[in-house]
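Residue numbers (UniProt numbering): 1 to 289.
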């Protein structure tokens with residue numbers, strides 16, 4: 001098998017959909033189908049079963065796909081070792097980034113880092129913090145920027161802590177909140193749990209949710225345009241002084257906050273490129289960016 005076949009099988013195994021795999025690999029669907037047919041002919045086994053909405057791997061296909069993933073990992077390791085033999089900081093670094101951090105922090109950080117290390121390339125994957133946690137656990141990325149505390153037995157570096165708050169386009173009292181229009185957005189389970197627990201500690205009735213959106217940035221725009229209030233992280237709404245912002249508190253009176261961390265495996269610091277990026281992040285006031 002060629003590396004292109006490993007990448008194709010690995011991506012198809014992750015997506016279980018030829019169309020999505022083709023989009024991710026920048027290939028046509030017929031190209032992927034043709035490669036699959038050649039592999040099936042070469043090994044003399046059926047690799048996938050087509051369904052109405054995607055594909056299922058046969059036991060033989062799954063074994064070959066997992067082998068492809070292993071070979072891709074080994075290939076990345078040898079490339080990293082070869083790059084690391086030079087004192088120059090160069091090569092490619094894979095970073096997993098939570099959605100808000102990707103939009104508001106990562107572009108500035110990469111621009112600053114590349115001013116010192118112009119020969120470094122970045123492969124950035126974005127998504128929910130829970131997804132980035134899975135990626136760093138599986139060694140699919142070198143470094144992950146994650147909002148919230150997840151199970152982790154190696155090194156993580158605290159980047160900043162921010163308050164969870166009510167952001168509203170108008171003055172309000174805490175007693176009024178259950179009857180005021182609220183805008184909710186899709187978020188990870190940890191943030192949802194924080195918000196729900198605070199709400200049901202304060203009120204007996206359900207919130208008056210009038211709008212639900214997919215992204216926190218859309219939610220913020222709805223609030224700015226006067227459509228309701230939101231329970232949201234402070235950094236999202238900090239640049240908008242026209243909004244009324246009040247932090248949430250625990251029953252003890254302590255503000256409710258979420259932390260953003262940089263996670264990485266200790267052995268990754270053996271790579272010049274990872275060590276340089278970690279040291280750079282530790283030297284920056286990320287919250288102030």
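The beta carbon of each residue, even a glycine, is placed where N, CA and C say it ideally should be.
Burial state of residue i (16 or more Cβ within 10 Å)
{"i": "residue 182", "result": "buried"}
{"i": "residue 218", "result": "exposed"}
{"i": "residue 204", "result": "exposed"}
{"i": "residue 188", "result": "buried"}
{"i": "residue 148", "result": "buried"}
{"i": "residue 112", "result": "exposed"}
{"i": "residue 177", "result": "buried"}
{"i": "residue 6", "result": "buried"}
{"i": "residue 250", "result": "exposed"}
{"i": "residue 258", "result": "buried"}
{"i": "residue 209", "result": "exposed"}
{"i": "residue 220", "result": "buried"}
{"i": "residue 94", "result": "buried"}
Per DSSP, cross-strand counterpart(s) of residue i
{"i": "residue 158", "result": "261"}
{"i": "residue 212", "result": "184"}
{"i": "residue 229", "result": "182"}
{"i": "residue 123", "result": "94"}
{"i": "residue 146", "result": "261"}
{"i": "residue 168", "result": "244"}
{"i": "residue 255", "result": "249"}
Closer than 8 Å to chain D by CB, residue i
{"i": "residue 263", "result": "Looking for chain D here will not work: only one protein chain is present."}
Simplified DSSP assignment, three categories, for residue i
{"i": "residue 163", "result": "strand"}
{"i": "residue 139", "result": "coil"}
{"i": "residue 249", "result": "strand"}
{"i": "residue 244", "result": "strand"}
{"i": "residue 220", "result": "helix"}
{"i": "residue 111", "result": "helix"}
{"i": "residue 266", "result": "helix"}
Check: residue i C-beta below 7 Å from any heavy atom of the ligand NAP
{"i": "residue 223", "result": "As presented, the structure is devoid of all ligands, the ligand NAP included, so that no description of it is given."}
Beta strand (DSSP E) runs wholly inside the UniProt domain "HTH lysR-type" (1-58), at least 3 long, in chain order: Those beta strand (DSSP E) runs which fall completely within the UniProt domain "HTH lysR-type" (1-58) and span 3+ residues are 48-51 and 54-57.
Within the region 57-108, ranges of the beta strand (DSSP E) (whole runs, at least 3 residues): Listed in chain order, the complete beta strand (DSSP E) runs (minimum 3 residues) inside the region 57-108 are 91-98.
The region 87-97 / the region 40-60 touching (three or more Cβ pairs under 8 Å): The answer is no - the region 40-60 does not touch the region 87-97, with fewer than three Cβ pairs under 8 Å.
Stretch pair the region 225-243 + the region 164-174: three plus CB contacts closer than 8 Å: The region 225-243 vs the region 164-174: in contact.
contact_flag[the region 259-269, the region 125-144] where n(CB pairs < 8 Å) is 3 or more: The region 259-269, when compared against the region 125-144, does touch it at the 8 Å Cβ threshold.
Contact the region 54-68 vs the region 5-12: 3+ CB pairs below 8 Å: Yes, the region 54-68 is in contact with the region 5-12.
Cβ contact check for the region 122-136 and the region 89-104: 3 or more pairs under 8 Å: Contact between the region 122-136 and the region 89-104 is present, with at least three C-beta pairs closer than 8 Å.
Any 3 or more C-beta pairs closer than 8 Å across the region 150-168 and the region 279-286: Yes, the region 150-168 touches the region 279-286.
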